[in-house]
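These protein sequence lines map, in sequence, to chains F and V. Take the first sequence: its position 54, counted from the start at 1, is 117 in this note's numbering, and no numbers get skipped. Take the second sequence: its position 131, counted from the start at 1, is 470 in this note's numbering, and no numbers get skipped. Step one of this worksheet: look at the structure below.
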Amino acid sequence: MKPIIIVHGGAGDISESRIQGKFDGVKVAVRAGYEKLMNGGSALDSVEAAVVSMELDENFNAGYGSVLNLNGEVEMEASIMWGQDLISGAVTLIKEFQHPISIARKVLTDTPHSFLGGNGAKLFALEKGFQQVPPESLISESAKEALNDFLNKGDDQRTEIGRKDEGGVG
Amino acid sequence: TVGAVAIDADGHIAVATSTGGINGKMVGRIGDTPLIGGGTYADDNVGGISTTGHGESILKYCLAHTIIKLMEGGLDADTATRQAVNGMTARLNNTAGAITLSKNGDVGIHFSSKRMAWAYVKNDKVYYGIEHD
């Protein structure tokens, strides 16, 4: 089987100003994942590497650069699945970690469960050695602006991130 | 939201999806991304899917699993992805996108939103896009 990887960087009203950043980011991510495959890594290694790359990039709504809730906080979630035996791991309401996808992978590999949330997910991540980061370190200027727009202009301004452009809401 | 689907040299499929959710969401809101069958699905016997878009609609439509079942029923990756994403939008009036690999490495990409960023590597060549067509 020839290895293959595909990535996405989000669907929605992506404004013209954010297109180049998205292009650059998905190309970096897909190469990170492909490199794992070419070096004998598993598909699980590959998809984690690709998503980790995008969780570090403020052009994407994941990890650093995530959109904000009504309290102005980042609350992230992630899932990962292995198709050989249909095992999966997922986390939600993650606030203080850079890479939710890596915590989700640990749920898959190191627990009898599929899905951990909130404080339990945080305690599990700490137990597995994930380093806490200050919650504000995950907040980008774009995310702050997007929340302000939403709060000031109402629900019709809701976009994945950034100011509303013409077109549908993703 | 971001996502990835891969097939390794042993023919095994994995899928990962991660997100910050939707701008201005209620505290404690959970979307489709962590839900198996909504934001993510992988089955070596069929294929793998990662989705993005309006989370409340995707989770109600079980979008990733809907695509898997369409492929299991004989549709190719691209047709199944297109049919499920458009079906969700027609039924729930919100938009989404999905990336799909079949167990044979066939690619499916479709979105009913204005744009979706995507990229894939096949045979050492990188393909990427963000607009329709």
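Quick reminder that beta carbons are idealized off the backbone N, C-alpha and C, glycines included.
For the beta strand (DSSP E) assignment, the uninterrupted runs of no fewer than 3 residues enclosed by the region 404-448 of chain V are, from N- to C-terminal side, 435-441. At least 9 Å separates the beta-carbon of residue 373 of chain V from that of residue 196 of chain F.
If you ignore the 5 residues before and after residue 160 of chain F, its C-beta comes within less than 7 Å of the C-beta of 166, 188, 193, 195, 196, all in its own chain and listed in chain order. Excluding residues up to 5 positions away in sequence, 388, 419, 420, 423, 437, 439 lie with their Cβ nearer than 7 Å to the Cβ of residue 406 of chain V in the same chain. Taking one beta carbon from each stretch, the region 77-90 of chain F and the region 442-451 of chain V have fewer than 3 pairs nearer than 8 Å; the two do not touch. Within the same chain, and ignoring the five residues on either side of residue 157 of chain F in sequence, the residues whose Cβ sits closer than 8 Å to its Cβ are 138, 139, 140, 141, 163, 166, 184, 185, 188. Taking the Cα of residue 117 of chain F as reference, the smallest distance to any Cα among F/209, F/108, F/71 is reached at F/71. Its Cα nearest to that of residue 121 of chain F, the residue F/73 stands out among F/110, F/134, F/73. Note: residue 454 of chain V is bridge-paired with F/75 in the DSSP secondary-structure output. Look at residue 348 of chain V here: in three-state DSSP terms it is coil, with no helix or strand label. Chain order gives the chain F residues near residue 380 of chain V as 144, where near means a beta carbon separation below 7 Å.
In this structure, the CA atom of residue 67 of chain F is about 7 Å from the CA atom of residue 347 of chain V. DSSP lists no bridge partner for residue 133 of chain F. With 16 or more neighbouring CB atoms inside 10 Å of its own CB, residue 393 of chain V falls in the buried class. DSSP places residue 193 of chain F in the coil class of the three-state scheme, outside both helix and strand. Not one beta carbon of chain F lies nearer than 9 Å to the beta carbon of residue 423 of chain V.
For a cut-off of 8 Å, the C-beta gap from residue 345 of chain V to residue 110 of chain F is around 5 Å, short enough to register as a contact. Rounded to the nearest angstrom, the gap between the Cα atoms of residue 98 of chain F and residue 104 of chain F is 8 Å.
Taking a C-beta distance under 9 Å as the contact criterion, residue 461 of chain V and residue 385 of chain V do not qualify as a contact pair. Taking 8 Å as the upper bound for CB-CB distance, residue 119 of chain F and residue 168 of chain F are not in contact here, some 16 Å apart. For residue 204 of chain F, the enclosing alpha helix (DSSP H) stretches over residues 204-216.
Distance from the Cα of residue 360 of chain V is smallest, within the candidate group F/151, F/136, F/171, F/174, for F/136. Shown here, residue 153 of chain F sits in a strand according to DSSP, grouped into three states.
For residue 86 of chain F, the uninterrupted alpha helix (DSSP H) run begins and ends at 82-101, by DSSP. In this structure residue 397 of chain V touches residue 435 of chain V by the C-beta definition: roughly 5 Å separates them, less than 8 Å.
Short of 8 Å from the beta carbon of residue 433 of chain V, and not among the five residues preceding or following it, lie these beta carbons of its own chain, in chain order: 392, 393, 395, 396, 427.
Contact annotation: residue 357 of chain V and residue 114 of chain F have beta-carbon atoms nearer than 9 Å. Identification of chain F residues near residue 349 of chain V by a Cβ-Cβ cut-off of 9 Å yields 64, 105, 106, 147, ordered along the chain. Proximity of residue 186 of chain F to chain V, defined by a Cβ-Cβ separation below 9 Å, is not satisfied.
Under the 9 Å criterion on CB atoms, residue 361 of chain V is classed as interfacial with respect to chain F. Taking the C-beta atoms as reference points, residue 144 of chain F is found nearer than 9 Å to residue 380 of chain V. Residue 410 of chain V sits away from residue 132 of chain F, with the two beta carbons spaced by 9 Å or more.
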